[in-house]
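Contents: one structure, followed by commentary.
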Amino acid sequence: MPNGSLDKHLFGKKTPINWPCRYKIARGLASALLYLHEEWEQCVVHRDIKSSNVMLDSSFNVKLGDFGLARLMDHELGPLTTGLAGTLGYMAPEYIRTGRASKASDVYSFGIVALEIATGRRSVDPIEENSQIGLVEWDWHLYGTGNLLSAVDERLHAEFDEEQIECLMIVGLWCAHPDSSLRPSIRQAIQVLDFDVALPNLPLEMPVPTYQYHQRTATRTSSTIETLVTDSNLRIEP
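Given below as structure tokens:
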């Protein structure tokens, strides 16, 4: 892809991308996930949404890559029984605990990428040296104290739309809610990003995760995944 992967722009030595482009990327990633979860004939759980799998074309349109861990499910089913796979820092707490992937765990990963886009910080890096506080905890604390904009990437040099960036960070926290039952669907997240509905009212303190156990079975068929790649508008990168 002409512009490579998102992580190289957020964390690498490339010239930082401006705010309108970042918001476009976040919205494009949400649209790609909506297609996988709701708009194709079967629901696809990607299981490895992360900034290095967000590929960018010459116009910075999003092409979601690496479907090697993707699983199929019927639209009506709940969480899937699978083997644990993915990338630490982007994996939902209930997925790490139970090994059961779902649309909600994909939404969690999207939330992490959204926070990375706004803050320019890696999800796995501690906020301060010798600190165990991660990106979600840090952002949630700033949200609760009314200082969320202090988390914005300094490389933007304060050149951003405050309403949009606050929206993206709050949606990111909503999607990364520790309790999977309180996360939005990706469609609901898009409605907020498009300013079609109001921002959610999140608790001022980061909640403790709760877990629910389900008995569902995931399937992965290589030929079906290949059909998805052929039929969709998503460009799949190896």
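The UniProt record's numbering applies: residue 1 is where the sequence shown begins, and numbers increase by one. The beta carbon of each residue, even a glycine, is placed where N, CA and C say it ideally should be.
* How is residue 54 classed by DSSP in three states: helix, strand or coil? -> strand
* Asked: residue 13: buried (16+ other C-beta within 10 angstroms of its C-beta) or exposed?
  -> exposed
* Expressed to the nearest angstrom, what Euclidean distance is found between the alpha-carbon atoms of residue 216 and residue 54? -> Low local confidence applies: a pLDDT of 42 at residue 216 is under 50, so the model's placement there is unreliable, with the coordinate-based value given in what follows. If you take the alpha carbons of residue 216 and residue 54, they lie about 29 Å apart.
* To do: Starting from residue 64, follow the beta strand (DSSP E) in both directions and report where the run begins and ends.
  => 62–64
* residue 44: first and last residue of the uninterrupted alpha helix (DSSP H) it sits in -> Unbroken run through residue 44 is the beta strand (DSSP E), 43–45; no alpha helix (DSSP H).
* **Segment limits, alpha helix (DSSP H) that includes residue 160** => From DSSP, residue 160 is part of no alpha helix (DSSP H); its letter is neither H nor E.
* residue 5 - partner residues in DSSP beta bridges -> 55
* According to DSSP, is residue 26 helix, strand or coil? -> helix
* To do: Please name the residue in 191, 94 and 51 whose C-alpha comes closest to that of residue 208.
  => 94
* Cβ pair residue 135, residue 155 closer than 9 Å -> no
* Asked: Do three or more CB pairs link the region 6–25 to the region 136–144 at distances below 8 Å?
  -> no
* Assign residue 98 to buried or exposed, taking buried as 16 or more other Cβ atoms, counted over all protein chains shown, within 10 Å of its Cβ. => buried
* When we look at the beta-carbon of residue 75 and count the other beta-carbons within 10 Å, is it buried (16 or more) or exposed? -> Note on residue 75: pLDDT 48, under 50, position unreliable in the model; no value is reported.
* To do: Look up residue 177 in the DSSP assignment and say whether it is helix, strand or coil.
  => coil
* Asked: How big is the Cα-Cα spacing for residue 153 and residue 126?
  -> 15 Å
* Nearest to residue 183 (by Cα), restricted to the options 198, 131, 108 and 138 -> 108
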